[in-house]
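K.L.:
Numbering (the working numbering), first residue to last: 6 to 251.
1. Would you mind reading off the limits of the beta strand (DSSP E) that contains residue 179?
2. Out of curiosity, what's the CA-to-CA distance linking residue 66 and residue 101?
3. Tell me which residue opens and which closes the alpha helix (DSSP H) that residue 202 is part of.
4. Measuring only the C-alpha atoms, how far is residue 7 from residue 177?
5. Can you look up residue 113 in the DSSP assignment and give me helix, strand or coil?
6. Kindly indicate the opening and closing residues of the alpha helix (DSSP H) around residue 68.
7. Does the segment 56-65 come close enough to the segment 77-86 to have 3 or more Cβ pairs within less than 8 Å?
8. With DSSP as the reference, label residue 141 as helix, strand or coil.
9. Using a 10 Å radius around the Cβ and a threshold of 16 neighbouring Cβ atoms, would you call residue 159 buried or exposed?
10. Can you grab the Cα-Cα spacing for the pair residue 237 / residue 75, in whole Å?
11. Which term fits residue 222, buried or exposed, when burial requires 16 or more other beta carbons within 10 angstroms of its beta carbon?
12. Rounded to whole angstroms, what is the Cα-Cα separation between residue 216 and residue 21?
13. Under the assumption that residue 199 contacts residue 242 (Cβ atoms under 8 Å), give the Cβ distance between them as a whole number of angstroms.
14. Can you list, in chain order, the residues of its chain whose CB lies under 8 Å from that of residue 50, leaving out five sequence neighbours each side?
15. Taking all protein chains shown into account, decide if residue 55 is buried (16 or more other Cβ within 10 angstroms of its Cβ) or exposed.
16. Just the C-alpha distance for residue 197 and residue 105, rounded to the nearest angstrom, thanks.
17. When the Cα atoms are used, what is the spatial distance from residue 15 to residue 157?
18. Work out the CA separation of residue 41 and residue 185 for me, nearest whole Å.
19. Distance, Cα to Cα, residue 162 vs residue 190?
20. Give me, in chain order, the residues of the same chain whose beta-carbon lies closer than 8 Å to that of residue 316; leave out the 5 immediate sequence neighbours on both sides.
21. Which of the three DSSP states is assigned to residue 246 in this structure?
22. Does any CB atom of chain C fall closer than 8 Å to the CB of residue 32?
23. Does DSSP classify residue 29 as helix, strand or coil?
24. Specify the secondary structure class of residue 236 as computed by DSSP and reduced to three states.
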């Protein structure tokens, strides 16, 4: 019997994952391979330009956007473990590059697994309770609300909801640097809700939110863990899914 052809996807790993959370990229590869994909990693990739764009430097953002498109143009599917970066490519690149620019089809990881492949269940089994933070760009820019929860649920992860899981954590990229007087109270409000659930771990699909909340939780001495959804689910996969992108 002929073997089915694997879907070839390019991993857009993002700056934060590359620099501070490589384990998230590794987990993303494991999930994609468990879903039957061949994962490639274009070595020329760099920042998508969102920090420059949000900080008011459109020329710098434009240069990075052009480079990103050039790097990923050869691939039919691009997947990233970041709702924020996926939203930058899909919604803000047309403003920078022009509405007629051909953009590489780009998906957030859980969105791709659930909505594109129809594979929320990857065979992972995880006995854990978490609370889920719905990051702003993933939810509001991409409209992805159910996919992360579907992937967690399929792996057996129990989600203990915060009073307002869709409330912004205050990260907002450069917003957390330029407006700490607003960003810190927003993080504290989110952390208070997370602690109130009793769950030992907060999960999200954006490393920026996790980094922001983890830093603030450490400053407050909170006993709360922070993990990307991909890390949690990949931890429940068997040893046969220990491959890597090439």
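Glycine residues also receive a C-beta, built at the ideal position from the N, C-alpha and C atoms. Here the structure is a predicted model, which means the values were calculated and not measured.
P.N.:
A quick look at the data gives this:
1. Taken as a continuous stretch (DSSP letters only), residue 179 belongs to no beta strand (DSSP E), as it is neither H nor E.
2. 8 Å
3. 185-202
4. At residue 7, the pLDDT of 45 sits below 50, so the modelled position is not reliable; the number obtained from the coordinates is stated separately. Going from the Cα of residue 7 to the Cα of residue 177 covers about 48 Å.
5. strand
6. 63-77
7. no
8. helix
9. buried
10. 33 Å
11. buried
12. 9 Å
13. About 26 Å separates the two Cβ atoms, so there is no contact after all.
14. 17, 18, 73, 76 and 77
15. buried
16. 45 Å
17. 23 Å
18. 43 Å
19. 29 Å
20. Lying before the first or after the last residue shown, residue 316 is absent from the chain, which here runs from 6 to 251.
21. Caution is warranted here: a pLDDT of 49 is assigned to residue 246, below 50, making its placement in the model unreliable, and the coordinate value is therefore given only provisionally. Residue state, collapsed to three classes: helix.
22. Looking at the structure shown, chain C is missing, and only one protein chain is on hand.
23. helix
24. helix
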